[in-house]
Amino acid sequence: MARKPARRAATRRPARERDGALSRYERALVVTAHPDDAEFGAGGTVARLVRQGTQVAYVIATNGNKGSSDRTMTPERLAAIREVEQRNAARVLGVDAVTFLGYDDGELEDTRAFRLDVTREIRRWRPDLIITQNPHRTTNLYGSHRDHRITAGVVLDCVYPLARDHMAFPELLPDHEPHKVRAVLLMQWERPRVVVDITETMDLKLKALACHVSQVGDFARVEARVRERAAELGRPRRYAYAETFDQVLLPR
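Residues in the sequence shown are numbered from 69 upward in steps of one, following our numbering.
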């Protein structure tokens, strides 16, 4: 009997975002370290999710109270300013709610209290998708800010197993029942697995970024830099502008 030709082994390709691929998610939670992180790293993606009918909420770990070179500024004033800026930016993108955990900028630690806070927010919002930062240090020093890495690591630990398991943080019961997240996107420029076309939402991303007046300074320069980076990230897929991510998919 003649042998059937052997099947060619499937080649594993990086995951790519295609038109409508984000619409499978009904609820998304964006968890970042500082005010403005969500807009810089995923503002165009958030706008796409909202346009496609996904409910999006933000959780911001710190109050951003150290991010100023103004020697007359105080941490208390800056925290209040940045909260208003973040709420305005979220409103531009159509985000449903913004929760501030209130930790001091630059002082995040992987503590039980922080894990409890993030677990509570995951169980409260019950997202299908979480977008957060990246737990790894890279040559992108701004993206590898210590607060970013700690936030991302805590989020992953809370997605699995803490938000899922009822015996983790029993004090959250019965108000916040366990929840299983379906997917996590980690902001990542280097060797991304997911490339999101933000060509149609780039202007909204920039409008949201412009709300962070205390951080952006000369906005024309910021806009040029953001456009240049997004164009570079989109070029391999022939997108005018893109945001890129690593991806974690979890079994149901």
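Where is the CB? At the ideal position from N, CA and C, for every residue including glycine.
Excluding the 5 residues flanking it on each side, Ala158 has same chain C-beta neighbours closer than 6 Å at Tyr126, Val166, in chain order. Taken atom to atom, the span from the alpha-carbon of Pro246 to that of Arg188 is near 9 Å. For the pair Leu176 and Ala106, the CB atoms are not nearer than the 8 Å cut-off. Boundaries for Ile190: no beta strand (DSSP E) harbours it, while the alpha helix (DSSP H) harbouring it runs 180-193, taken from the DSSP string. A distance below 6 Å between beta-carbons, with the five flanking residues on each side excluded, links Ser212 to the following residues of its chain, in chain order: Arg205, Thr206. Cβ-Cβ distances below 6 Å link Arg232 to Pro246, Lys248 in the same chain, with the five nearest sequence neighbours on each side left out; the list follows chain order. Secondary structure of Leu176 (DSSP, three-state): coil. Restricted to the segment 238-299, the alpha helix (DSSP H) segments that are unbroken, complete and at least 4 residues in length are 270-277, 281-284, listed in chain order.
Val262 counts as buried, since no fewer than 16 other beta carbons sit within 10 angstroms of its beta carbon. In this structure the segment 264-282 touches the segment 109-124; the number of beta carbon pairs closer than 8 Å is three or more. A distance below 6 Å between beta-carbons, with the five flanking residues on each side excluded, links Gly132 to the following residues of its chain, in chain order: His102, Pro103, Arg150, Asp173. Val316 is the residue among Arg297, Val316, Val222, Pro229 whose C-alpha sits nearest the C-alpha of Leu253. Counting only runs of 3 or more residues that sit fully inside the segment 77-159, the beta strand (DSSP E) segments are 95-100, 123-130, in chain order. It is roughly 14 Å from the alpha-carbon of Val284 to the alpha-carbon of Arg295. According to the DSSP secondary-structure assignment, Asp314 is paired through a beta bridge with Leu254. In the three-state reduction of the DSSP assignment, Thr206 falls in the coil class. For Leu224, the enclosing alpha helix (DSSP H) stretches over residues 214-225. Take Lys273, set aside five residues on each side of it, and the residues of its chain with a beta-carbon closer than 7 Å to its own are Glu107, Gly111, Gly112, Ala115, Ile266, in chain order.
By the Cβ-count criterion, Ser137 is exposed, with fewer than 16 other Cβ atoms from all chains shown falling within 10 Å of its own Cβ.
The shortest C-alpha to C-alpha distance from Arg320 to any of Ala96, Arg250, Gln201 is the one to Arg250.
The Cβ atoms of Thr122 and Tyr93 lie closer than 8 Å to each other. About 4 Å separates the Cβ atoms of His244 and Arg191, confirming a contact at the 8 Å cut-off.
About 4 Å separates the Cβ atoms of Leu197 and Ala96, confirming a contact at the 8 Å cut-off. Of the other Cβ atoms in all chains shown, 16 or more fall within 10 Å of the Cβ of Glu311; this residue is therefore buried. Listed in chain order, the non-local C-beta contacts of Phe237 below 7 Å within the same chain comprise Leu184, Thr187, Leu230, local neighbours out to five positions each way being set aside.
In this structure, Asp314 lies near Asn202, with their beta-carbon atoms less than 8 Å apart.
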